[in-house]
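Only one structure is covered here, and it is reproduced in the block below.
Residue numbers (the working numbering): 108 to 783.
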């Protein structure tokens with residue numbers, strides 16, 4: 108989905124953008140792009156083109172939807188559902204560029220434009236999905252879908268559910284309120300993100316390190332007082348009572364979400380969100396998470412005892428990573444200073460590509476003919492062995508102030524098929540991986556290249572797993588292609604791809620000492636692999652704690668949330684939830700409420716559990732790869748054809764059973780993390 112950000116409007120911007128609307132003949136978004144592979148001509152895009160392009164795209168979409176409604180012919184898949192799939196080419200184009208750059212290379216001007224865009228796009232979506240005449244046509248196709256292909260049935264089902272989930276069945280007063288809530292939520296969620304970006308940038312000024320360097324710093328800094336200072340600054344982001352405080356925003360978001368769910372007939376927002384996911388209900392998720400938390404805390408208490416024995420004093424939250432690294436060095440004779448020289452960012456990218464080439468038989472090469480949006484970004488072309496284009500990939504790895512924190516994959520352009528009188532044309536995807544790795548020359552341990560931690564390496568493979576899901580899809584319709592699947596299914600493919608990072612044959616292809624070119628020693632490889640299950644009480648615990656916190660916030664009803672009034676209520680609720688789940692005092696959730704971007708600005712509300720849920724699927728699938736031989740062509744081809752090519756064109760569990768021959772084994776996650 109597109110991303111909407113908002114800040115205060117810049118003086119005079121609205122007038123400038125209105126004037127620029129008269130110059131539509133020079134607006135690059137209203138023209139065909141005569142570029143390699145139809146990629147965005149970034150150097151020809153100026154900020155004053157965005158809003159006129161959005162307005163033109165919205166007008167085009169409205170006209171096309173009205174034409175569907177006014178069609179006198181009986182509703183069919185082609186004249187109703189497919190017509191809607193293709194109703195907004197201008198909007199698709201401008202959103203594909205704008206909302207990617209607003210996250211990865213934003214400017215104050217773009218942030219101001221976002222304020223203009225939020226109500227425009229939200230109003231369009233509300234008008235479309237509350238249009239009863241349009242819904243009547245979609246419903247007619249849905250109810251007579253037996254003769255459609257399975258992929259078409261899934262497209263129709265998804266569109267039908269979108270109407271239901273966006274208030275088409277409400278009375279006029281309900282529709283009005285639903286639209287108001289939708290618009291306000293769009294504004295609030297992106298204000299949350301903008302506040303967090305500002306706090307992340309201020310974090311470096313206050314501590315001397317970037318947010319992306321936090322875990323590395325905490326594991327290596329010998330100064331306990333400094334660790335405490337950094338920990339407290341990190342865990343208090345957007346919770347300082349300043350202009351970037353997110354407490355009031357969080358409460359309003361939660362209250363509005365609960366009201367929205369209530370309007371639609373759900374007990375709470377979690378019940379609404381999960382009604383079309385694999386898990387189905389909040390009770391299913393709660394029952395899934397608590398045993399993982401219990402096992403993680405048993406392991407965490409063992410880890411804490413080991414660290415306190417080594418440290419000779421009680422461990423606090425800001426001590427955990429530092430002494431965990433000491434214990435790892437003691438148990439495995441391994442610390443990250445040994446591995447970093449072998450994990451230079453460009454070399455890791457080579458390993459990411461090598462794994463994909465070897466497993467799926469594809470080719471990946473630089474595409475210098477493709478323009479990139481900012482220096483430091485790389486462009487690559489993926490092809491089949493016969494030269495057929497698979498897609499274009501942008502690699503955006505390094506931290507910068509204009510980029511939000513974290514790591515993600517997104518599409519500039521989706522994959523789908525255009526049918527025409529002269530035949531079908533397969534539109535191939537354009538995809539980006541964005542990370543926040545140390546920039547070359549700024550790594551705290553080196554003045555040379557960007558050197559990555561083991562976790563960074565896994566992140567690179569993780570995000571390219573998402574990219575492969577987007578690239579290798581072979582669907583006809585963009586609404587079900589690639590990663591357009593249930594939220595608790597999509598993370599399976601990224602987590603599955605992490606496994607290739609430390610397969611010895613892959614590791615040898617990329618892990619070379621950047622100073623000497625020498626390959627990583629086999630004994631160090633074994634140490635790395637053995638250490639991957641180390642500290643899993645902490646790692647699993649902070650992840651599971653965040654998942655439970657997310658669920659507990661969204662399991663509150665509108666009446667319950669009405670009793671919350673300020674920061675103290677948020678802190679008290681967090682503390683109660685953490686105590687009830689059994690989280691040890693020395694660990695905090697991976698994301699505390701005021702900086703939990705996944706659930707307040709990135710579509711994972713009542714869905715952060717998806718990482719653990721999907722990991723069960725990923726680990727269970729990986730066990731088949733291991734049993735068959737990691738490089739078994741038949742198994743890899745089956746994985747590609749069953750999962751990656753299918754996208755969302757079939758129900759997730761149907762696909763899983765086709766590949767595995769059985770349901771996933773829940774114990775697989777415990778085995779993989781060493782929590783048995």
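Glycine is no exception: its CB is placed at the ideal position from the N, C-alpha and C atoms. All values reported here derive from a predicted model rather than from experimental measurement.
Buried or exposed (CB count within 10 angstroms, at least 16 for buried), residue 657
Mapped onto the chain shown, residue 657 falls at position 550. By the neighbour-count rule (16 or more Cβ atoms within 10 Å), residue 657 is buried.
Identified DSSP bridge partners for residue 537:
Residue 537 sits at position 430 when you count from the first residue of the chain shown. Partner(s): 499 and 520.
Considering Cα atoms alone, identify which of 440, 770, 464 and 763 is closest to residue 636.
Residue 636 sits at position 529 when you count from the first residue of the chain shown. If we check each option's Cα against that of residue 636, 440 comes out closest.
Distance between beta carbons of residue 258 and residue 756, contact taken as under 8 Å
Taking the first residue of the chain shown as 1, we reach residue 756 at position 649. Taking the first residue of the chain shown as 1, we reach residue 258 at position 151. 4 Å between Cβ atoms; contact.
8 Å CB neighbourhood of residue 694 in its chain, flanking five on each side removed
Along the chain shown, one-based indexing puts residue 694 at 587. Contacts found: 407, 424, 427, 645, 648, 649 and 652.
To the nearest whole angstrom, what separates the beta carbons of residue 499 and residue 474, a pair I think is in contact under 8 Å?
Working through the chain shown from its first residue, we reach residue 499 at position 392. Working through the chain shown from its first residue, we reach residue 474 at position 367. Right, their Cβ atoms sit about 6 Å apart.
Using the three-state DSSP reduction, which class does residue 314 fall into: helix, strand or coil?
Within the chain shown, numbered from 1, the residue matching residue 314 stands at position 207. In the structure shown, residue 314 sits in a helix (DSSP, three-state: H, G or I).
Determine the direct distance from the alpha carbon of residue 201 to that of residue 129, and round the result to whole angstroms.
What you label residue 129 is simply residue 22 of the chain shown in a count that begins at 1. What you label residue 201 is simply residue 94 of the chain shown in a count that begins at 1. Low confidence applies to residue 129: its pLDDT is 40, below 50, so where it sits in the model is not reliable, and the reading given next is rough at best. Taking the straight line joining both Cα atoms gives about 17 Å.
Does the beta-carbon distance from residue 484 to residue 503 come in below 9 Å?
The residue labelled residue 484 in the question sits at position 377 within the chain shown. The residue labelled residue 503 in the question sits at position 396 within the chain shown. Against a cut-off of 9 Å, the Cβ pair of residue 503 and residue 484 comes out as a contact.
Evaluate residue 508 with the Cβ neighbour count: other Cβ atoms within 10 Å of its Cβ, from every protein chain shown; 16 or more gives buried, anything less gives exposed.
The residue given as residue 508 occupies position 401 in the chain shown. Exposed: under 16 other Cβ atoms inside 10 Å.
Coarse secondary structure for residue 384, derived from DSSP in three states:
Mapped onto the chain shown, residue 384 falls at position 277. Coil, per DSSP.
Closest by C-alpha distance to residue 273, when choosing among 671, 261, 163 and 289
Position 166 of the chain shown, counted from the start, is the residue given in the question as residue 273. Looking at the Cα atoms, 289 is the closest of the given residues.
Rounded separation between residue 457 and residue 342 - CA only
Your numbering for residue 457 matches position 350 in the chain shown. Your numbering for residue 342 matches position 235 in the chain shown. Cα to Cα, the separation comes out at about 35 Å.
Which full runs of the alpha helix (DSSP H) of 4+ residues lie inside the stretch 360 to 438, going along the chain?
Fully enclosed alpha helix (DSSP H) runs of 4 or longer: 376 to 381 and 389 to 418.
Of all the CB atoms in chain D, is at least one closer than 9 Å to the CB of residue 526?
Absence of chain D from the displayed structure is noted, only one protein chain being present.
Which residue wins for smallest C-alpha separation from residue 319, given the options 330, 304, 333 and 329?
Counting from one through the chain shown, the residue named residue 319 turns up at place 212. Its Cα nearest to that of residue 319, the residue 304 stands out among 330, 304, 333 and 329.
How many Å lie between residue 243 and residue 267 at the Cα?
Numbered from its first residue, the chain shown carries residue 243 at position 136. Numbered from its first residue, the chain shown carries residue 267 at position 160. The alpha-carbon atoms of residue 243 and residue 267 are separated by roughly 10 Å.
Answer yes or no: the CB of residue 606 versus the heavy atoms of the ligand FMN, is any distance below 8 Å?
Questions concerning the ligand FMN fall outside what the structure shown contains, since it holds no ligand whatsoever.
Would a C-beta distance cut-off of 9 Å place residue 377 and residue 666 closer than the cut-off?
On the chain shown, position 270 is the one that residue 377 refers to. On the chain shown, position 559 is the one that residue 666 refers to. With contacts defined by Cβ atoms closer than 9 Å, residue 377 and residue 666 do not form a contacting pair.
What is the rounded straight-line gap between the Cα of residue 396 and the Cα of residue 306?
In the chain shown, counting from the first residue as 1, residue 396 sits at position 289. In the chain shown, counting from the first residue as 1, residue 306 sits at position 199. Whole-angstrom Cα-Cα distance: 31 Å.
Would residue 168 and residue 235 be called neighbours here (beta carbons separated by less than 9 Å)?
Walking along the chain shown from the start, residue 168 turns up at place 61. Walking along the chain shown from the start, residue 235 turns up at place 128. Contact flag set, yes.
Rounded to the nearest angstrom, how far is the Cβ of residue 248 from that of residue 149, given a contact under 8 Å?
For this step, residue 248 is matched to residue 141 along the chain shown. For this step, residue 149 is matched to residue 42 along the chain shown. About 39 Å separates the two Cβ atoms, so there is no contact after all.
Quick one: grab the DSSP three-state call for residue 644.
In the chain shown, residue 644 corresponds to position 537, counting from 1. If DSSP states are grouped into helix, strand and coil, residue 644 belongs with the helices.
Return the first residue and the last residue of the alpha helix (DSSP H) that residue 472 is part of.
The sequence position of residue 472 within the chain shown is 365, counting from 1. No alpha helix (DSSP H) holds residue 472; the beta strand (DSSP E) holding it covers 470 to 473.
Reducing DSSP to helix, strand and coil, say where residue 525 ends up.
Translated into positions along the chain shown, residue 525 becomes position 418. Residue 525: strand per DSSP, three-state reduction.
Whole-angstrom C-beta distance between residue 542 and residue 574, which should lie under 8 Å
By 1-based counting over the chain shown, the position of residue 574 is 467. By 1-based counting over the chain shown, the position of residue 542 is 435. Wrong, their Cβ atoms sit about 12 Å apart, outside the cutoff.
Tell me which residue opens and which closes the alpha helix (DSSP H) that residue 265 is part of.
Here residue 265 corresponds to residue number 158 of the chain shown, with the count starting at 1. Counting along the chain, the alpha helix (DSSP H) containing residue 265 begins and ends at 257 to 272.
Which stretch, first to last residue, makes up the beta strand (DSSP E) that contains residue 711?
The residue given as residue 711 occupies position 604 in the chain shown. Note, residue 711: premise wrong, no beta strand (DSSP E); not H, not E.
Strand pairing of residue 544, partner residues [DSSP]:
Against the chain shown, residue 544 aligns to sequence position 437. Answer is 505.
Please return the same chain residues whose Cβ sits closer than 7 Å to the Cβ of residue 482, not counting the five positions on each side in sequence.
Looking up residue 482 in the chain shown gives position 375. For residue 482, where only same-chain residues beyond five positions count, there are no Cβ hits under 7 Å.
What's the gap between the Cα of residue 743 and the Cα of residue 567?
Counted from its first residue, the chain shown places residue 743 at position 636. Counted from its first residue, the chain shown places residue 567 at position 460. Roughly 20 Å between the two C-alpha positions.
Cβ-based neighbour list, residue 402, same chain, cut-off 7 Å, excluding 5 preceding and 5 following:
Counting from 1 along the chain shown, the entry for residue 402 is found at position 295. Same-chain partners within the cutoff: 777 and 782.
According to DSSP, residue 511 sits in a beta bridge with which residue or residues?
If you number the chain shown from 1, residue 511 lands on position 404. According to DSSP, which records beta bridges pairwise, residue 511 is partnered with nothing at all.
N- and C-terminal bounds of the alpha helix (DSSP H) containing residue 488:
Walking along the chain shown from the start, residue 488 turns up at place 381. That residue, residue 488, is in no alpha helix (DSSP H); its beta strand (DSSP E) goes 485 to 490.
First and last residue of the alpha helix (DSSP H) that includes residue 685?
Taking the first residue of the chain shown as 1, we reach residue 685 at position 578. 674 to 688 is the span of the alpha helix (DSSP H), which, as asked, contains residue 685.
Let me check one thing: in DSSP terms, what residues is residue 451 bridge-paired to?
Position 344 of the chain shown, counted from the first residue, corresponds to residue 451. Note: residue 451 sits in a beta bridge opposite 558.
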